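Residue 435 is where the sequence shown starts when you use the working numbering, and the numbers rise one by one after that.
Just so you know, even glycine gets a beta-carbon here, dropped at the ideal spot from N, CA and C.
Values in this document were obtained by computation on a predicted structure and should not be read as measured data.
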Amino acid sequence: MKTELCWKVKSVEPQENYFLYLVFADGKHGLFDMKPYLNDGVFRELRDPVKFNSVRVCASSIAWNNDIDIAPETLYQDCISI
């Protein structure tokens with residue numbers, strides 16, 4: 435499977451303490467910690483739990499209602515397998 439296809443996010447579920455549970459196209463799954471991002475620029479508004487919990491799969495990555503997104507390769511690379 436090409437690397438780019440591995441990065442494709444198949445599902446996302448918000449978790450407590452600003453973690454995201456992610457499942458990728460290649461079967462990898464785990465937790466992505468959003469806390470390091472929440473003090474930077476547009477990500478600050480995701481400190482609101484209602485906004486944070488509005489995350490959804492969008493194309494091959496994830497996005498929030500305000501169109502904030504993260505590169506799928508970043509999600510894949512920094513996802514902690516569980």
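For residue i, three-class secondary structure by DSSP
i	result
Asp503	strand
Gly461	coil
Asp467	strand
Leu439	helix
Leu472	coil
Beta-carbon proximity list for residue i, same chain, < 8 Å, skipping 5 on both sides
i	result
Leu465	Gln449, Phe453, Leu454, Tyr455, Leu456, Cys513, Ile514, Ile516
Lys444	Val457, Phe458, Ala459, Val491
Length of the line joining the Cα atoms of residue i and residue j
i	j	result
Arg481	Leu439	30 Å
Tyr510	Gly461	11 Å
Glu447	Val484	13 Å
Given residue i as reference, the closest of the options once Cα atoms are compared
i	options	result
Trp498	Glu507, Thr508, Glu479	Glu479
Thr508	Phe477, Asn451, Ser495	Ser495
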